[in-house]
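Reviewing the structure listed below.
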Amino acid sequence: PDIPSVSVYRTEDKQKMFDVELNENVNATYNNMQMPKVENKTITIDDYTLTMQILKPAGFVNTALYPLLLIVDGTPGGQMVTEQFQVDWATVLVSSFSTIVIRFDGHGSGFQGTNFLHKVRRKLGKLEEMDQLEALRFISKEPYIDKTRMGVYGKAYGGYLATLLLSAEEFSLLKCGAAVSPITDFELYASAFSERYLGPKTDSRVYTMANLAHRAGLLPEKQYLIIHPTADEKVHFQHTAKFINHLISEKANYTLQIYPDEGHFLHSEGTRQHLSQSLVNFFEECFRKPELQSEEEDEVEEDS
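If you count the sequence shown from 1, position 45 lands on 47 in the working numbering, and the numbers rise without skipping.
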């Protein structure tokens, strides 16, 4: 939960011997910045008590309205809500653009027992989508959430889940979404993963149900950003290329951003910074309040 430090302790009496690294420069910078406040809330789903992490701006007040960004992963066995110290592009959204950021671990997430993990078997995306929608309904009841400015982000499996959420008919408040290297077709993904959770590929019905193609028709009114490195070795670019054909057929509103010759994990520092800035810009624009016309502009329109 705090800035990492490394110290050496004596095993006999647990007395500190010396400090290896205190990250004093990071501490000094951190203490001079308006960092987000972290809160945790619990939601009960199917007799399971699940944790939601909420990041609020340092100057948060209950009477103001804030945009909301849900960051999802959803990979079976994964975990989003942790006490790990991290500063990333989402921190910039919270600190500089007064955005509420939430993370939530639903069915299939790790460290909550094998029964909870295995509930997603042969129905990838279904329970995870329901859980994240429940989290959105829960947080959207808070008086400080602006229901007209809500978005979702995910990478890889999280990109798959983010696309499901953005296209969900049961919850239409999500205005925009960004997916980095999204899985769109599990027949194209690693067999070790796909067959572990969906079974052999001979059962085409299960794979068809998990495919994103049938959701393309529900995205025309949304702002949808797809980012995909062309040399992604984990989620091949073919996932995005095939899905874009469906988006075009459905006249969906989408933006594609590629990183030529980059892999799943971006190696270039400049490229990583560009990706972070692209995401900040996308959601900052999505969450921007519409400008109110002045009285003079209204009079000009009436005269014309």
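Positions of the beta carbon are idealized from the N, C-alpha and C atoms, including for glycine.
Determine the burial state of residue i: buried for a count of at least 16 other Cβ atoms within 10 Å of its Cβ, exposed for fewer.
{"i": "V154", "result": "buried"}
{"i": "T77", "result": "buried"}
{"i": "H216", "result": "exposed"}
{"i": "P262", "result": "exposed"}
{"i": "F284", "result": "buried"}
{"i": "V63", "result": "exposed"}
{"i": "L200", "result": "buried"}
{"i": "H120", "result": "exposed"}
{"i": "N213", "result": "buried"}
{"i": "T242", "result": "buried"}
{"i": "K149", "result": "exposed"}
Which class does residue i belong to by DSSP, given the choice of helix, strand or coil?
{"i": "L176", "result": "coil"}
{"i": "T273", "result": "helix"}
{"i": "E23", "result": "strand"}
{"i": "A181", "result": "strand"}
{"i": "E41", "result": "strand"}
{"i": "Y191", "result": "coil"}
{"i": "S9", "result": "strand"}
{"i": "H230", "result": "strand"}
{"i": "K253", "result": "coil"}
{"i": "L166", "result": "helix"}
{"i": "K236", "result": "coil"}
{"i": "L268", "result": "coil"}
{"i": "T186", "result": "coil"}
{"i": "K291", "result": "coil"}
{"i": "K18", "result": "strand"}
{"i": "Q36", "result": "coil"}
Would you tell me roughly how many angstroms separate the C-alpha atoms of residue i and residue j, rounded to the nearest one?
{"i": "C288", "j": "E26", "result": "37 angstroms"}
{"i": "F99", "j": "E286", "result": "7 angstroms"}
{"i": "T312", "j": "H276", "result": "One cannot answer for residue 312 here, as it falls past the ends of the chain, which runs 3 to 306."}
{"i": "N42", "j": "V28", "result": "25 angstroms"}
{"i": "N247", "j": "Y32", "result": "45 angstroms"}
{"i": "F20", "j": "V8", "result": "9 angstroms"}
{"i": "V83", "j": "S142", "result": "19 angstroms"}
{"i": "L129", "j": "G80", "result": "15 angstroms"}
{"i": "S280", "j": "F140", "result": "29 angstroms"}
{"i": "S196", "j": "V237", "result": "12 angstroms"}
{"i": "L175", "j": "Q36", "result": "29 angstroms"}
{"i": "A60", "j": "I147", "result": "16 angstroms"}
{"i": "E171", "j": "L220", "result": "8 angstroms"}
{"i": "T101", "j": "L190", "result": "35 angstroms"}
{"i": "G156", "j": "K125", "result": "19 angstroms"}
{"i": "Q88", "j": "I5", "result": "8 angstroms"}
{"i": "K18", "j": "L24", "result": "13 angstroms"}
{"i": "F188", "j": "D48", "result": "27 angstroms"}
{"i": "N34", "j": "S278", "result": "22 angstroms"}
{"i": "E293", "j": "L67", "result": "16 angstroms"}
Any chance you could list the alpha helix (DSSP H) runs of at least 4 consecutive residues sitting entirely within the segment 108–162, in chain order?
The segment 108–162 contains these whole alpha helix (DSSP H) runs: 116–120 and 128–142.
Give a yes or no on contact between the segment 222–240 and the segment 249–256, applying the rule of three or more CB pairs nearer than 8 angstroms.
As far as the Cβ criterion goes, the segment 222–240 touches the segment 249–256, which means the pair count is three or higher.
Within the chosen definition, does the segment 243–254 reach the segment 263–274 through at least 3 CB pairs nearer than 8 angstroms?
no
Below 8 angstroms, can you find three or more Cβ-Cβ pairs linking the segment 104–118 to the segment 50–67?
The segment 104–118 is in contact with the segment 50–67.
Validate contact between the segment 11–22 and the segment 52–71 using beta carbons, cut 8 angstroms, 3 pairs:
no
Give a yes or no on contact between the segment 181–194 and the segment 146–162, applying the rule of three or more CB pairs nearer than 8 angstroms.
yes
What are the uninterrupted segments assigned as alpha helix (DSSP H) that are 4 or more residues long and contained completely in the segment 59–111, given in chain order?
91–99
When you compare the segment 229–246 with the segment 197–208, are there three or more beta-carbon pairs, one atom per stretch, that lie closer than 8 angstroms?
Touching, no, given that fewer than three Cβ pairs across the two stretches are closer than 8 angstroms.
Complete beta strand (DSSP E) runs within the segment 196–224 (minimum length 3 residues, chain order):
none
Does the segment 134–154 come close enough to the segment 163–175 that 3 or more CB-CB pairs lie under 8 angstroms?
yes
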